[in-house]
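Trainee:
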Amino acid sequence: MSGRQLPLGSDQAWTGGVISDWSTCLLAPNPSAWTLEGTNTWLIAEPGATDVVVVDPGPDTAEHLERIVATVGERGAIAQILLTHGHADHSAGALSLARLCGAPVRALDPEHVHGGEGLHGGDVIALGDLVVDVISTPGHSADCLSFRINGDSSILTGDTVLGRGTTVIAWPEGKLGEYLATLDALAVTINAHDITSIYPGHGPLVADPAERIQWYMQHRAERLNDVRAALETGARTADEVVAIVYAQTPSGLLGAAKLSVQAQMDFLTA
């Protein structure tokens, strides 16, 4: 696999590239306010091995899928296609990629499984000395999974942890209670396995995993306090809370803010 070597924690514009001997990121051409520079498609393989695992093929864009196939083809073949979750910016290209390379698509949601077995938290994927531990990380969506790469001291988190900013817990699919439990579980995993980097679904690498998870927890607690305070001042609907809590948010992100507020209101009233 080829690409430009980038240092962990780089502050420059994220373009992907060769990250380590085990991991390469190909950036999908779908930048937006929601996806940052685009979806990160991860190519994972044991150094020197020919079997490559593709995580999150991204959108169903011929140019991007052909680039995945060509990049993998420089060293071997795609053995499996894994999905962190079923949102289209991560999964829409999976079936087309499977048809191009013949590899199975594996995911938690059966709707996205093709030509192979599904995935569940606690599963282990072994290809030679490459071992991928599958971790259940619901919250952003019900079907979110993360993948710990044994030889790389890393976790691929999809949208559960982003490289920049925080993820949306989009009601009604997103559940804040589940997400908070996921953050707790990730903190334990990061400490237990000496994880040194998070490979997110969007944005640059996270080189301070424990600190980032702690910051996510603090951010969620602060937002909950903001929402609670807005409700105590008389706000009753998600729109009314958004007008108070997200008054400085760009208009293009207010839809996401409303979904997040609704998830927080559901959590507070549960």
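Residues 493 to 762 (the numbering used here) are what the sequence shown spells out, left to right. Every residue, glycine too, gets a C-beta built ideally from N, C-alpha and C. Note that the structure is predicted; figures quoted are calculated from it, not measured.
1) Less than 8 Å between the CB atoms is what I'm expecting for A525 and L745, so what's the real figure, rounded?
2) For the region 501 to 586, which segments carrying the beta strand (DSSP E) assignment without a break, of at least 3 residues, lie completely within its bounds, in sequence order?
3) For L648, count neighbouring Cβ atoms within 10 angstroms of its own Cβ and tell me buried if that reaches 16, exposed if not.
4) Would R728 be called buried (16 or more neighbouring beta carbons within 10 Å of its own) or exposed?
5) Within 10 angstroms of its Cβ, does W707 collect 16 or more other Cβ (buried), or is it exposed?
6) Cβ of K667 within 9 Å of Cβ of P692?
7) On a CA-only basis, which of N642, D601, D621, L619 is nearest S628? Give me that one, please.
8) Note down the Cα distance separating A749 from Y738, rounded to an integer number of angstroms.
9) Distance check for L723 and T681, CA to CA, integer angstroms please.
10) Pick from L760, A586, A569: whose alpha carbon is nearest that of H577?
11) For S743, count neighbouring C-beta atoms within 10 Å of its own C-beta (all shown protein chains included) and say buried if the count is 16 or more, exposed if not.
12) Three-state secondary structure (DSSP) at V605?
13) Taking 8 Å as the threshold, find out whether the region 559 to 566 comes into contact with the region 659 to 676 through three or more Cβ pairs.
14) What does the alpha-carbon distance come out to for the pair T542 and T674?
Mentor: Looking at the coordinates:
1) 6 Å
2) 515 to 519, 532 to 536, 543 to 547, 569 to 574
3) buried
4) exposed
5) exposed
6) no
7) D601
8) 7 Å
9) 35 Å
10) A586
11) exposed
12) coil
13) no
14) 33 Å
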